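Number of protein chains: 2
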Amino acid sequence: MKAIGFVMLLAASFCFAQEPSDFQPATSNVLDSQYPKVDGNSRVQIRFRAPDATRVKLNFWSGPKVDMEKAADGYWTFTTPPMAPGLHYYTIIVDGAEVSDPASTAYFGGSKWASAVEVPEAGANYYLPQEVPHGQVSEIWYHSSVTGTWRHAFVYLPPDYDAQTKARYPVLYLQHGGGEDASGWIRQGKANFILDNLIASGSTKPMIIVMANGYASRAGYIVPDLTGKPFGSPEFMKVMQERMGAFEDDMTQVLIPFIDKTFRTIPNRDHRAMAGLSMGGMQTFQVTFNHLDLFSYVGGFSGAANVFAMGNNKLDTKTAFNGSMADPAAFAKRVHLLWIGVGTNEPERMKTGLENLNASLGEGKIQHVFYESPGTDHEWQTWRRDLKDFAPRLFQASAQPATSAR
Amino acid sequence: MKAIGFVMLLAASFCFAQEPSDFQPATSNVLDSQYPKVDGNSRVQIRFRAPDATRVKLNFWSGPKVDMEKAADGYWTFTTPPMAPGLHYYTIIVDGAEVSDPASTAYFGGSKWASAVEVPEAGANYYLPQEVPHGQVSEIWYHSSVTGTWRHAFVYLPPDYDAQTKARYPVLYLQHGGGEDASGWIRQGKANFILDNLIASGSTKPMIIVMANGYASRAGYIVPDLTGKPFGSPEFMKVMQERMGAFEDDMTQVLIPFIDKTFRTIPNRDHRAMAGLSMGGMQTFQVTFNHLDLFSYVGGFSGAANVFAMGNNKLDTKTAFNGSMADPAAFAKRVHLLWIGVGTNEPERMKTGLENLNASLGEGKIQHVFYESPGTDHEWQTWRRDLKDFAPRLFQASAQPATSAR
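Top to bottom, those sequences are chains X and S.
For the first sequence, the working numbering begins at 1 and goes up steadily by one.
For the second sequence, the working numbering begins at 1001 and goes up steadily by one.
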């Protein structure tokens, strides 16, 4: 920065005349950065400056690491084969250092501020801002008696929230994945634009969406050093259960009451839903099935009831979830929507887990929805599509006499 | 990511038992990352993994680049001398590649997602979340007829905004610096916590704060390639004036009407203020003095009327700003507050510019406030202090008969 910092920076956002090429700067770039670029065949060009490096690798998390090629000007480049549509996380490995690309917007994923490139989906504009009324996304802070800390969440308010000062709204609690944070569903997922568009078309009821921080530790809890304690080890699982429990308590004992006090909600189970992706899907199943007095709509996006541990196991619907599914007819009345989804290109373990859960629910005659996102991986395009299918199904049953009692 | 991505990530946020040292993880770290660390003497420890790199430099933007030392485990480390309090931007240069530190929260600065470390200021809690009512920060989107694009802004709503559904509020338009974006005043500046605390103590009137994107280009405008056209060259200045003008038009013709339509504002000049830091200060002086029918409170934080070009020049208050200062008494009635500030450790050019502006205003008998932040540089601690001094002075004169007419 120094003396001319503030001046240099004015110059930094200039956009230059387009090159004669099908490749265009990605919408996920910072300011007017020319790279990454995407062409009409969904190929991606990455360019990274590292004049003195001996080896630079490009690491798209959905694919293999590849070596970038060094040019005379100190830039390293790589052009990918055609990629699936959606937002693809990546990092760059410079002589062994895994870093983000300064040319990309930074998105919080993988427990760090990573890079990502947006590959457009032909004909899909449901997650893009359009000429429709836009809701607001509010950032809120609340002090948690469970964690003993200030916690932070994002709240989507539907377009008419400020104008309809007497109206009250149902609430969807929507959780990010592991290594992401409360900003994920807005910055990566575009949940606000998805809802704006669904509400404008009349296919979805106006609702409030609360996006909380999925990580919590009880006040005073010190996590033991897990070095050498792999996933699945008793020590690891104990810590994971502890943290899942802290999140469950914070959400049900602190966050939900805070939201119902702060916003014009309809504070009952018929008007409260929860969904989440990956780790957030696991949290959703734990929280909702332990608190069916609070929730009546449940969604697992590429993550659900202990999917990570299921492997090829099946779920026994007679005993699972405290027996809440033992009577399928009663369950169908009590839980208005049980929704699970997975991308067809997700890792085998994940796909198998969701498919087995779907099969188990079918064999148990448990009313549910199983959605498969064609050609997408364990990535945000799958979860954008999930939300687009899930949201219109919410709060439709709320008027049923059988379920309107709290 | 792949199969176990969502599992790995659960483990990623574990906090380990503290080492027996005065060094503590910085509050600006991601999740529970142990580095950067800060000790009681405001020394900062940075650690960065680059096992195969031959040279790694630490680049604090407020200081010189320094070589980091490589340890056997592939980590490079550096401990700084005591640093000034506040949030210090930095990057790391790995074999010539300037990148951010994955252990740090990413803040948008220098036209990229940079790293920064928060060095606490002893006894200063005015910018920290406290047990007081908290306002909300709303993210809004509006389509601009000036730029032809969707634009994005942050809006701070005071704590009682939702409860007092009949109340209307004055508005402060608060701009970020060059190379930053609309998120800067919240994520780096903590403007929401500063206002929460000032409002709770009764020293500041509840107000709405609008933080817009300071970069704009008119629809269809293609910025010429400025390669080889240094700052100050006619080509550069022409482009800069063009962009400043586009921002001015977007703010006065699109954003202000949108805000007054969307929120419960008091839509007149007596209840509208503008301030900004660095480039945002220059924009503030241009916008407010070209539109004194819209604004009556003006703040320049480390940036003001063409300060960047002043060098040792003086400002002729008889002719400057369309002659609006020619009559000091009339000016004092019309502009309720003219406020400029600078940090005592800022670069000489910046300090000289503000000091000369202060001197010129004094010689011209122009009523104004000049504030110097002791020991701080062209960095966020200066601007946090500026806001703390500036905000309580706002909207106090609004009741004066002499100025209450629009």
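Just so you know, even glycine gets a beta-carbon here, dropped at the ideal spot from N, CA and C.
All of these numbers come straight from a predicted model, not from anything done at the bench.
Short CB-CB distance (under 9 Å) between residue i and chain S
{"i": "residue 23 of chain X", "result": "no"}
{"i": "residue 32 of chain X", "result": "yes"}
{"i": "residue 35 of chain X", "result": "no"}
{"i": "residue 103 of chain X", "result": "yes"}
{"i": "residue 65 of chain X", "result": "no"}
{"i": "residue 388 of chain X", "result": "no"}
{"i": "residue 262 of chain X", "result": "yes"}
{"i": "residue 54 of chain X", "result": "yes"}
{"i": "residue 113 of chain X", "result": "yes"}
{"i": "residue 200 of chain X", "result": "no"}
DSSP beta-bridge partners of residue i
{"i": "residue 1420 of chain S", "result": "Residue 1420 of chain S cannot be examined here, being either before or after the span of chain S that is shown, 1001 to 1406."}
{"i": "residue 215 of chain X", "result": "According to DSSP, residue 215 of chain X bridges with nothing at all."}
{"i": "residue 1152 of chain S", "result": "S/1141"}
{"i": "residue 60 of chain X", "result": "X/90"}
{"i": "residue 379 of chain X", "result": "DSSP lists no partner for residue 379 of chain X."}
{"i": "residue 1038 of chain S", "result": "S/1024 and S/1044"}
{"i": "residue 1104 of chain S", "result": "S/1029"}
{"i": "residue 161 of chain X", "result": "DSSP output for residue 161 of chain X lists no bridge partner at all."}
{"i": "residue 1112 of chain S", "result": "S/1109"}
Close beta carbons around residue i, own chain, < 6 Å, minus the five adjacent residues each side
{"i": "residue 1203 of chain S", "result": "1392"}
{"i": "residue 137 of chain X", "result": "154, 156, 186 and 192"}
{"i": "residue 1273 of chain S", "result": "1172, 1297 and 1394"}
{"i": "residue 369 of chain X", "result": "339"}
{"i": "residue 371 of chain X", "result": "341 and 389"}
{"i": "residue 1252 of chain S", "result": "1291"}
{"i": "residue 1084 of chain S", "result": "1375 and 1376"}
{"i": "residue 332 of chain X", "result": "367"}
Sequence-distant residues of its chain with Cβ nearer than 8 Å to residue i (five each side left out)
{"i": "residue 1188 of chain S", "result": "1087, 1107, 1109, 1116, 1180 and 1380"}
{"i": "residue 1373 of chain S", "result": "1341, 1342, 1343, 1344, 1381, 1382, 1385 and 1386"}
{"i": "residue 1244 of chain S", "result": "1282, 1283 and 1286"}
{"i": "residue 292 of chain X", "result": "269, 324, 334 and 335"}
{"i": "residue 1027 of chain S", "result": "1118 and 1120"}
{"i": "residue 220 of chain X", "result": "148"}
Helix, strand or coil at residue i [DSSP, three-state]
{"i": "residue 1323 of chain S", "result": "helix"}
{"i": "residue 1366 of chain S", "result": "coil"}
{"i": "residue 134 of chain X", "result": "coil"}
{"i": "residue 372 of chain X", "result": "strand"}
{"i": "residue 1345 of chain S", "result": "coil"}
{"i": "residue 166 of chain X", "result": "coil"}
{"i": "residue 69 of chain X", "result": "strand"}
{"i": "residue 1273 of chain S", "result": "strand"}
{"i": "residue 223 of chain X", "result": "coil"}
{"i": "residue 1175 of chain S", "result": "strand"}
{"i": "residue 208 of chain X", "result": "strand"}
{"i": "residue 1054 of chain S", "result": "coil"}
{"i": "residue 186 of chain X", "result": "helix"}
{"i": "residue 29 of chain X", "result": "strand"}
{"i": "residue 4 of chain X", "result": "For residue 4 of chain X, the predicted structure reports a pLDDT of 35, less than 50, and the residue's modelled location is therefore unreliable. A value from the coordinates is still provided. Of the three classes helix, strand and coil, the one that applies to residue 4 of chain X here is coil, per DSSP."}
{"i": "residue 79 of chain X", "result": "strand"}
{"i": "residue 180 of chain X", "result": "coil"}
{"i": "residue 200 of chain X", "result": "helix"}
{"i": "residue 335 of chain X", "result": "coil"}
{"i": "residue 1295 of chain S", "result": "coil"}
{"i": "residue 15 of chain X", "result": "For residue 15 of chain X, the predicted model reports a pLDDT of 36, less than 50, meaning its position is unreliable; a value from the coordinates is still stated below. It is coil, neither helix nor strand."}
Min CB distance residue i to chain X below 9 Å
{"i": "residue 1143 of chain S", "result": "yes"}
{"i": "residue 1383 of chain S", "result": "no"}
{"i": "residue 1393 of chain S", "result": "no"}
{"i": "residue 1296 of chain S", "result": "no"}
{"i": "residue 1134 of chain S", "result": "yes"}
{"i": "residue 1165 of chain S", "result": "yes"}
{"i": "residue 1085 of chain S", "result": "no"}
{"i": "residue 1375 of chain S", "result": "no"}
Cβ of residue i within 9 Å of any chain C Cβ
{"i": "residue 1049 of chain S", "result": "Absent here is chain C; the protein component of the structure consists of chains X and S."}
For the segment 270-280 of chain X against the segment 319-333 of chain X, are there 3 or more C-beta pairs whose distance is under 8 Å? Segments in contact, no.
Between the segment 1216-1231 of chain S and the segment 1116-1123 of chain S, can you find at least three pairs of beta-carbon atoms closer than 8 Å? no
Measuring CB atoms only, is the segment 1047-1063 of chain S touching the segment 1129-1143 of chain S, in the sense that at least three cross pairs come out at less than 8 Å? When C-beta atoms of the segment 1047-1063 of chain S are compared with those of the segment 1129-1143 of chain S, fewer than three pairs fall below 8 Å, so the two segments do not count as touching.
Given 8 Å, three or more beta-carbon pairs between the segment 84-98 of chain X and the segment 50-60 of chain X: yes
With three or more C-beta pairs closer than 8 Å as the rule, is the segment 1069-1078 of chain S touching the segment 1040-1058 of chain S? yes
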